[in-house]
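Okay, structure first, notes after.
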Amino acid sequence: MNAYIVAGYRSAVGKAPKGVFRFTRPDDLAADVIKHLMAQVPNLDPARVDDLIVGNAVPEAEQGMQMARYISLLSLGKSVAGVTVNRYCGSGVETIAMAAAKISAGMADCIVAGGTESMSMVPTTGWKMALNYGLASHHPDYYIGMGLTAEQVAQQFNIGREEQDIFSYNSHQKALAAQAAGKFDAEIVPITVKETYFDEATGKKKNKEYTVTKDEGPRADTSVEALAKLRPVFSMGGSITAGNSSQTSDGAAFVIVMSERMVNELGLKPIARMMAYASAGVEPRIMGIGPVAAIPIALKQAGLKQDDIDIIELNEAFAAQSLAVIKELGLDMSKINPNGGAIALGHALGSTGGRLTVQVLNELRRQNKKYGMVTACVGGGQGVAGIYELL
224 MNAYIVAGYR
234 SAVGKAPKGV
244 FRFTRPDDLA
254 ADVIKHLMAQ
264 VPNLDPARVD
274 DLIVGNAVPE
284 AEQGMQMARY
294 ISLLSLGKSV
304 AGVTVNRYCG
314 SGVETIAMAA
324 AKISAGMADC
334 IVAGGTESMS
344 MVPTTGWKMA
354 LNYGLASHHP
364 DYYIGMGLTA
374 EQVAQQFNIG
384 REEQDIFSYN
394 SHQKALAAQA
404 AGKFDAEIVP
414 ITVKETYFDE
424 ATGKKKNKEY
434 TVTKDEGPRA
444 DTSVEALAKL
454 RPVFSMGGSI
464 TAGNSSQTSD
474 GAAFVIVMSE
484 RMVNELGLKP
494 IARMMAYASA
504 GVEPRIMGIG
514 PVAAIPIALK
524 QAGLKQDDID
534 IIELNEAFAA
544 QSLAVIKELG
554 LDMSKINPNG
564 GAIALGHALG
574 STGGRLTVQV
584 LNELRRQNKK
594 YGMVTACVGG
604 GQGVAGIYEL
614 L
C-alpha cells in the first residue's frame, strides 16, 4: 500500500538561545504548526488521525514527559495518541519514515509526523549529561563532542578552512536569495509570539506581541573575509568555527502522511510519496560522514542511481562534514541545498528532517523535478537518508 504526503508546513527557524522563539515552548510551537497543517486539509477530521509521531533530540525538561502526547492534546484532540522519537539530528525524517512504514503495512491510514526542538530551553547535551562510564572508559571516542568530530572529518578528508568558509558564505547567499524571492513564504506558518519584559525606563513589566514569518539565521553582513577572521572554537589550530558550523535553533515542521485509500476517499491530490529511507552507522569520531553510508542504501531501496536525484537537501551540521560527504560520493554541487542550509537557516535538531522534507518538496515543485533526497549525519556516528517522489 502506498503512503502519500498530502500536506507539509514548518515554522520559521529562530536563533537560540536569544532569538524570536526563546520563550516559546516546543510543544506550543509544534501545536501551532500542526493546527495550521490540519486547516489546509479541511475535510480531514482530526479524530481520523491515527497517530502523532514527533521527533526530538533532547526529550527532557520542556521537551520531556512524552511531549508528543501533550502536543496532540494541544492540536489534534484526546483521541489522537502521540509518541516521541529520538534519532538525534535525524529524528524529523525518521518519524516520516515510521509513518510511511505503518501506513504501507496497513497499520494506519493517517499519521501526522515531523519534529520540534527548542535549543533555547533545552541545551544540546541536556541539563545533566550522564555517560555510560564503562563504555566511555574503553571507548572515549564514542562520546566525542560534535565539534571535535567535525575537526576529525576535516583532517581525515582534507577539507581546508578556506573551502569551509566559502561553502558557509554560499549557504547564506542562497538563503538570502530564497528569502528575497519569497521561496519560503508559502511553507512557513506565521507564529504569534507573546512576551512579557521589564521596561527599564518605566520600571514596569510590559507585554508585547509579534508574528514570526521569517527564518532568523541568514546574515546579509557576512563575507568570506569576515568568516576567515573567526577563531576555531573546538580545537587549537583547528578549522571549525562558529561561522562554518550550523546555528543552534528553535523550530518545528510536520507533514500529513496518508494511505491511498483515505486519499481517494477524501478526494485529495497527494504531493509526494516516500520511496525509501535508510539509516547506517559509522565511526563515532567521524560522525559527519554518516550520509556516505546511508545514501547508497536508500538509493538501492528506491531502485535509483545517484544521478537520478534532482535535488538534495543535505543537512549542514558543519561545512567540513558537508564537503566531505559531497566529495566522497561525488555529489553534484548544483543540486545541493539550492536555498541554503543549516549554516544559514539554522539546525533545530529534532525538527530539521521535517524542515528539509518540506523544503525539498516545494523546491521540486518549483523546478518541475521528480526526485528529492533528504540526508543528515547523526550524533553518535550515524547517517540517515530519505528519498521522495513528487507526484
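To convert, take the position in the sequence shown, counting from 1, and add 223; that gives the numbering used here. Note that the Cβ used here is the ideal one computed from N, Cα and C, for glycine as well.
Put simply, of R508, Y365, I414 the residue whose alpha carbon is nearest the alpha carbon of F380 is R508. The beta carbons of D530 and L587 sit no closer together than 8 angstroms. If you draw a straight line from the Cα of A373 to the Cα of A571, it comes to about 18 angstroms.
Under the 10 Å beta carbon count, P282 is surrounded by 16 or more other beta carbons and is classified as buried. For K258, same chain residues with a beta-carbon under 7 angstroms away, outside a window of 5 residues either side, are S298 in chain order. Counting only residues of its own chain and dropping the five nearest sequence neighbours on each side, N562 has a CB closer than 7 angstroms to the CB of K397, A398, A401, K406, Q582, E586.
Boundaries of the beta strand (DSSP E) around T434: 427-435. Rounded to whole angstroms, the separation of the alpha carbons of S468 and S391 is 8 angstroms.
G576 and E448 have their C-alpha atoms roughly 31 angstroms apart.
Its Cα nearest to that of G242, the residue D438 stands out among D438, S446, Q590, L260. At a cut-off of 4 residues, the continuous stretches assigned as alpha helix (DSSP H) that sit fully inside the segment 340-425 are 356-361, 369-379, 384-403. No Cβ-Cβ contact shorter than 8 angstroms links L584 with L537.
For the pair K428 and F244, the Cα-to-Cα distance works out to about 19 angstroms.
Cβ-Cβ separation between M485 and I319: approximately 17 angstroms, too far for a contact (criterion under 8 angstroms). Comparing alpha carbon positions, the residue from M330, A476, Q286 closest to M344 is Q286. In the structure shown, L614 adopts coil according to DSSP, grouped into three states.
Taking a C-beta distance under 8 angstroms as the contact criterion, G466 and G569 do not qualify as a contact pair. In the assembly as shown, E340 is a buried residue. Its beta-carbon has 16 or more other beta-carbons within 10 Å.
Nearest in C-alpha terms to Q387, of all of A540, M352, M261, is A540.
Inside the segment 468-553, DSSP marks whole beta strand (DSSP E) runs of 3 or more residues at positions 472-482, 495-504, 534-537, from first to last along the chain. Residue range 447-451 is occupied by the alpha helix (DSSP H) that includes A449, with no beta strand (DSSP E) assigned at that position. By the neighbour-count criterion, in which a residue is buried when 16 or more other Cβ atoms sit within 10 angstroms of its Cβ, T598 is buried. A direct Cα-Cα distance of roughly 20 angstroms separates K550 from G370. Going by DSSP, M321 is part of the alpha helix (DSSP H) stretching over 314-327. Between A543 and I367 a beta carbon distance of about 14 angstroms is seen, past the 8 angstroms cut, so the two are scored as non-contacting. Per DSSP, the continuous alpha helix (DSSP H) segment holding M290 begins and ends at 290-298. By the criterion of a C-beta distance shorter than 8 angstroms, A331 is surrounded in its chain by D273, D274, A322, K325, S482, once the five residues flanking it on both sides are discounted.
A443 counts as exposed, since fewer than 16 other C-beta atoms from the protein chains shown sit within 10 angstroms of its C-beta.
In the structure shown, M556 falls within a helical segment according to DSSP collapsed to helix, strand and coil. Pairing Q524 with Y500, the inter-Cα distance amounts to about 8 angstroms. Here the segment 599-610 makes no contact with the segment 252-272; the two share fewer than three CB pairs at distances below 8 angstroms.
Here S327 has M224, N225, A226 as same chain residues with Cβ atoms under 8 angstroms from its own Cβ, once five neighbours each way along the sequence are excluded.
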